[in-house]
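Just so you know, the sequences run in chain order A and B. The numbering of the first sequence is my numbering, which starts it at 101 and goes up by one. The numbering of the second sequence is my numbering, which starts it at 101 and goes up by one. Have a look at the structure below, then the notes.
Protein chains: 2
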Amino acid sequence: MTVPQALPDEFALIARLFAPLARGFPGAYGLLDDAATVAVPAGEELVITKDLMVEGVHYLPDDPAGLIARKLIRVNVSDLAAKGAKPLAYLLGVALPKTVTLAWLDAFAAGLTEDQARYGMHLIGGDTAATDGPAVLSLTALGTLPAGTMLRRDGAKPGDRLYISGTIGDAALGLRALRGELAGMSAAAREHLIDRYRLPRPRPELGLRLRGLAHASLDVSDGLVADLDHICAVSRVGAEIEAARLPLSDAAQAALEVEPALLKSILTGGDDYEILFTTPAGRDTGVAAAAAAASVPVTQIGRIVEGRGIRVVGLDGKPLPIADGGYRHF
Amino acid sequence: MTVPQALPDEFALIARLFAPLARGFPGAYGLLDDAATVAVPAGEELVITKDLMVEGVHYLPDDPAGLIARKLIRVNVSDLAAKGAKPLAYLLGVALPKTVTLAWLDAFAAGLTEDQARYGMHLIGGDTAATDGPAVLSLTALGTLPAGTMLRRDGAKPGDRLYISGTIGDAALGLRALRGELAGMSAAAREHLIDRYRLPRPRPELGLRLRGLAHASLDVSDGLVADLDHICAVSRVGAEIEAARLPLSDAAQAALEVEPALLKSILTGGDDYEILFTTPAGRDTGVAAAAAAASVPVTQIGRIVEGRGIRVVGLDGKPLPIADGGYRHF
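Here is the structure:
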């Protein structure tokens with residue numbers, strides 16, 4: 101943050117910060133109307149999701165504004181990705197402290213600009229307000245897909261293979277690193293983990309290739325075990341994870357070697373924003389082709405079983421007792 | 101508020117409070133998935149809007165929770181209405197203090213239940229979070245209309261007639277009454293004004309009948325003059341209002357008789373949520389038919405002129421100097 105300065109009024113702010121983000125989407129009407137129109141091509145339907153970020157809860161007050169904006173877009177794009185939808189547009193609601201500076205707002209808008217281009221989206225509407233408390237950022241993201249093809253949580257079947265994209269646990273370890281709780285890390289490894297905590301890597305290119313292939317899918321935000329439990333609960337199945345199969349970054353592997361108990365953080369920590377999905381057995385080739393086409397590694401980490409409950413087989417081959425510790429807001 | 105009590109966890113809260121509001125909308129998946137799907141009939145398009153409400157700014161901390169919920173739905177429905185869209189669904193983001201009680205949440209959900217039924221909408225998604233500051237409520241509303249028929253702000257033409265639905269100024273006078281600034285009011289008149297401030301009456305039945313009839317349309321939230329100025333700015337026209345034509349409730353009329361200076365509050369106060377629209381000359385019959393079919397009174401209050409600026413002709417027939425004092429957040 102820089103020295104506070106007088107801000108333009110709400111309309112001038114919208115014209116300066118947000119109207120440029122609507123250019124190229126005719127139904128946004130340059131953010132000069134009360135609402136946007138969205139046309140959906142025949143045979144397609146919209147996928148809509150909404151995630152909040154609260155200052156002090158989902159990010160720290162002195163995090164760079166551009167990173168906060170990019171995280172806000174990415175946590176929502178991650179939901180679209182795991183559902184198999186192609187990102188299209190978003191609406192933005194921001195309740196900001198009156199002490200916010202123009203420099204902060206410009207950096208926030210620059211972050212939106214960068215990542216909406218990355219994911220092929222436009223800003224089409226929203227609202228701004230002042231609050232006496234911490235900032236609250238609300239984003240509603242819209243994507244499209246062929247009607248009836250959304251990847252659901254509730255389609256997992258016993259015998260399904262369980263896959264995860266990318267690497268798991270980096271974000272939880274990054275948060276620990278920020279808190280000074282990780283010993284014996286190289287600067288590069290520490291930086292890698294913190295970066296993964298601060299900036300999710302959603303996988304829309306993978307997600308849309310999982311349509312017609314995956315039985316169930318979601319993005320890991322509450323933690324691997326907690327989110328797997330979400331799939332299992334609504335699919336009425338159980339699951340088994342083999343810890344030895346978990347895809348770990350070099351940095352996470354190094355941290356785990358120093359402190360084996362971190363395996364629990366890797367299994368239950370949140371904010372990974374990788375896609376966790378199941379497919380029927382025998383689809384290995386299809387999954388590998390989807391992963392290759394999306395340039396995203398995908399790893400089989402377990403399977404879906406009859407009954408309820410999640411079993412984790414530890415690195416020693418023995419059952420690992422684990423609580424399903426997802427993040428709870430209340 | 102009642103005595104604080106332990107709250108169920110986030111998932112139990114969603115199941116208790118919000119999942120019932122999704123019943124009857126298959127694409128909401130019972131709020132058990134990460135996103136909703138919305139199918140749009142051929143030939144139609146979606147209209148999307150998003151309005152925030154912040155505790156202490158848009159409502160008072162001890163306002164009844166049910167009224168807050170209903171106002172949140174209604175300010176968004178009002179945007180859809182003025183655009184000519186039929187309400188369909190909404191997503192809800194709530195950042196709430198950790199001190200919130202289950203009784204408050206139940207009353208909030210009851211308010212949503214009542215008004216989503218009134219306007220034919222379903223809850224299809226959203227997010228909940230805790231905040232250390234005042235509550236921030238974010239609603240994204242979706243409506244539908246025939247493609248290309250959205251009522252815009254930018255279509256007003258010189259010679260157009262200017263109309264307003266319902267009565268104007270009640271909400272601004274209601275806020276003054278709450279602050280003890282209105283003298284000589286009967287209890288009934290005072291109650292009427294306060295009720296209009298607390299609970300907007302959006303006009304979706306009128307709005308959809310204005311498609312193909314109105315040149316420009318919006319809902320009055322910032323104040324009659326400020327919102328008329330929004331139409332004029334993007335339409336590149338001016339306007340003239342005749343104060344003697346303003347439709348006033350009996351209560352507003354009584355307040356004005358006691359204190360003639362209140363005319364300025366009536367012209368510039370916000371929160372009326374009536375539809376302000378223009379039509380070409382000679383559409384009186386069509387406007388009257390739309391008003392009758394919607395059971396909403398509509399009054400011609402002026403006209404659109406060449407040039408810029410808004411002139412108000414006072415009750416004495418002389419020009420009334422007036423600043424365009426809409427509510428500004430920053």
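Cβ atoms here follow ideal geometry from the backbone N, Cα and C, with glycine treated the same way. In this text, all values refer to a predicted model and were calculated from it rather than measured experimentally.
Three-state secondary structure (DSSP) at residue i?
i              : result
S349 (chain A) : coil
D295 (chain A) : helix
P304 (chain B) : helix
D151 (chain A) : strand
S317 (chain A) : strand
G425 (chain A) : Residue placement at G425 (chain A) cannot be trusted, given a pLDDT of 45 that sits under 50; the coordinates are not used to answer.
R261 (chain A) : strand
D416 (chain B) : coil
T213 (chain A) : helix
A136 (chain B) : strand
Y373 (chain A) : coil
T368 (chain B) : helix
R311 (chain B) : coil
V103 (chain A) : With a pLDDT of only 35 at V103 (chain A), under the threshold of 50, the placement of this residue in the model should not be trusted; the figure read from the coordinates follows. The answer is coil: DSSP assigns V103 (chain A) none of H, G, I, E or B.
F430 (chain A) : Confidence at F430 (chain A) is low in this model, with a pLDDT of 42, below 50, so its placement is unreliable and no value can be given for it.
L146 (chain A) : strand
Cβ closer than 7 Å: which chain A residues qualify as neighbours of residue i?
i              : result
T240 (chain B) : K150, L191 and T240
P421 (chain B) : Per Cβ cutoff of 7 Å: no residues; P421 (chain B) is ~21 Å from chain A at best.
V138 (chain B) : E145, L146 and I148
M221 (chain B) : Within 7 Å Cβ-Cβ: nothing; M221 (chain B) doesn't reach chain A, min ~14 Å.
Output yes or no for whether 8 Å exceeds the beta carbon distance between residue i and residue j.
i              : j              : result
V175 (chain B) : Y219 (chain B) : no
A339 (chain B) : V405 (chain B) : yes
G166 (chain A) : G127 (chain A) : no
D270 (chain B) : L293 (chain B) : yes
E260 (chain A) : T379 (chain A) : Looking at the sequence itself, residue 260 (chain A) is Asp, so the reference to Glu does not match. Going by C-beta atoms, D260 (chain A) is nearer than 8 Å to T379 (chain A).
L310 (chain B) : L346 (chain B) : no
L362 (chain B) : L415 (chain B) : no
K150 (chain A) : G407 (chain B) : no
D179 (chain A) : A241 (chain A) : yes
L239 (chain A) : F118 (chain A) : no
E374 (chain B) : L245 (chain B) : no
E342 (chain B) : I401 (chain B) : yes
Can you find a CB in chain A that lies within less than 8 Å of the CB of residue i?
i              : result
Q105 (chain B) : In this prediction, Q105 (chain B) has a pLDDT of 49, which is less than 50 and means its spatial position is unreliable; what the coordinates show is noted afterwards. Chain A, which has no Cβ nearer than 8 Å to the Cβ of Q105 (chain B), makes this no.
D232 (chain B) : yes
A142 (chain B) : yes
H429 (chain B) : Per-residue confidence for H429 (chain B) stands at a pLDDT of 41, beneath the threshold of 50, marking its modelled position as unreliable; the derived number appears in the next sentence. Output row for H429 (chain B): interface = yes.
G417 (chain B) : no
V334 (chain B) : yes
G382 (chain B) : no
I264 (chain B) : no
D424 (chain B) : Interpretation of D424 (chain B) is limited by its pLDDT of 49, a score under 50 that renders its predicted location unreliable; the figure taken from the coordinates is listed afterwards. Not one chain A Cβ lies under 8 Å of D424 (chain B).
Along the beta strand (DSSP E) that carries residue i, what are the first and last residues, could you check?
i              : result
R336 (chain A) : Looking at the DSSP string, R336 (chain A) is not in any beta strand (DSSP E), and its letter there is neither H nor E.
V387 (chain A) : Not the beta strand (DSSP E): V387 (chain A) falls in the alpha helix (DSSP H), residues D384 to A394.
I401 (chain B) : V398 to V405
G243 (chain B) : V236 to P246
F111 (chain B) : No beta strand (DSSP E) holds F111 (chain B); the alpha helix (DSSP H) holding it covers E110 to L113.
T228 (chain B) : H222 to T231
List, in chain order, every chain B residue whose beta-carbon is nearer than 9 Å to that of residue i.
i              : result
R253 (chain A) : Y129, L132, D133 and D134
D270 (chain A) : The contacting residues do not exist; D270 (chain A) stays about 21 Å from chain B at best.
M285 (chain A) : Within chain B, no residue comes near M285 (chain A); the closest Cβ sits about 31 Å away, beyond 9 Å.
D319 (chain A) : D134
Spell out whether any CB of chain B is found under 8 Å from the CB atom of residue i.
i              : result
L146 (chain A) : yes
M326 (chain A) : Reading the sequence as shown, one finds Ala at residue 326 (chain A) and not Met. No, A326 (chain A) does not count as interfacial toward chain B.
A119 (chain A) : no
Which residues in chain B have a C-beta closer than 7 Å to the C-beta of residue i? List them in chain order.
i              : result
A195 (chain A) : L152, V154 and V236
A229 (chain A) : L152, V154, V157 and H429
A247 (chain A) : A139
If I follow the unbroken alpha helix (DSSP H) through residue i, where does it start and stop?
i              : result
G274 (chain A) : D270 to L278
G193 (chain A) : Careful: G193 (chain A) lies outside any alpha helix (DSSP H), inside the beta strand (DSSP E) at K186 to P197.
T267 (chain B) : It is not in any alpha helix (DSSP H) - T267 (chain B) carries neither H nor E in the DSSP assignment.
A165 (chain B) : A165 to A182
P120 (chain B) : A119 to A122
Strictly below 8 Å CB to CB, what residues from chain B border residue i?
i              : result
D162 (chain A) : By Cβ distance, chain B contributes nothing, its closest Cβ being about 16 Å from D162 (chain A), past 8 Å.
K183 (chain A) : D133, D134 and A135
For residue i, return the contacting residues in chain A, with the cut-off set at a CB-CB distance below 9 Å.
i              : result
D179 (chain B) : D134 and A135
I224 (chain B) : I148
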